[in-house]
Amino acid sequence: MSGVKHTPGPWVAERSVEEWGVSVIASNETGHISNPTRGQVCHVSVVAGASGDDPELAVANARLIASAPDLLEALIALVDRDLTYHGPCIVIPAKNHGDAISIVRRARNAIARARGEQSPDPSDTGAQP
Numbered sequence: 055m056s057g058v059k060h061t062p063g064p065w066v067a068e069r070s071v072e073e074w075g076v077s078v079i080a081s082n083e084t085g086h087i088s089n090p091t092r093g094q095v096c097h098v099s100v101v102a103g104a105s106g107d108d109p110e111l112a113v114a115n116a117r118l119i120a121s122a123p124d125l126l127e128a129l130i131a132l133v134d135r136d137l138t139y140h141g142p143c144i145v146i147p148a149k150n151h152g153d154a155i156s157i158v159r160r161a162r163n164a165i166a167r168a169r170g171e172q173s174p175d176p177s178d179t180g181a182q183p
């Protein structure tokens, strides 16, 4: 696969009172979350009073966007492995067993983060939105 060409993660979703919505913000070089003007990847707007606008839907959408780098990383790791598919089963060579468990754990953590849930793996260090 070719190199990834997007702002590196982690990304987090933070409510932005000044900007009427939720900002998706990337980390900076030191690993700390940048302020919204320097690290903003995108902004999910909520217009007060407009019909059909739901602030919680904006938060959920921003959370899903913020988890995109983690989801992409987990999927790339999964498809790059030496796996054999037999019907509904995936056969993992013994030499890759521990690696496969780690990949599945990362995928589950990324999915939980996208849903706004607690990470199922307590050792996960990913930022929660």
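The sequence shown runs 55 to 183 under the numbering used here.
We put the beta carbon where it would ideally sit given N, CA and C, even for glycine.
Contact under 8 Å by Cβ, residue i with residue j
i, j, result
"V95", "A80", "yes"
"P123", "W65", "yes"
"R154", "A67", "Per the sequence shown, the amino acid found at residue 154 is Ala instead of Arg. Contact flag unset, no."
"A166", "L125", "no"
"N163", "S173", "yes"
"D175", "R159", "yes"
Member of the options whose CA lies at the smallest distance from the CA of residue i
i, options, result
"A116", "V100, A131, V133", "V100"
"A114", "L132, V98, E127, L129", "V98"
"L118", "S77, H60, D175", "S77"
"G269", "P142, L132, C143", "A query on residue 269 cannot be resolved here, the shown segment of the chain reaching from 55 to 183 and no further."
"A128", "A161, C143, T61", "A161"
Three-state class that DSSP yields for residue i in the structure shown
i, result
"V113", "helix"
"N156", "Residue identity differs from the one stated: residue 156 is Ser in this sequence, not Asn. If DSSP states are grouped into helix, strand and coil, S156 belongs with the helices."
"V133", "helix"
"G75", "strand"
"G68", "With the sequence shown as reference, residue 68 is identified as Glu, and Gly is not the correct amino acid for it. In the structure shown, E68 sits in a strand (DSSP, three-state: E or B)."
Buried or exposed by the 16-neighbour rule on C-beta atoms within 10 Å, applied to residue i
i, result
"E171", "exposed"
"G75", "buried"
"G63", "buried"
Chain C within 8 Å of residue i, Cβ atoms only
i, result
"R160", "Looking at the structure shown, chain C is missing, and only one protein chain is on hand."
Bridge partners - residue i, DSSP secondary structure assignment
i, result
"H97", "S77"
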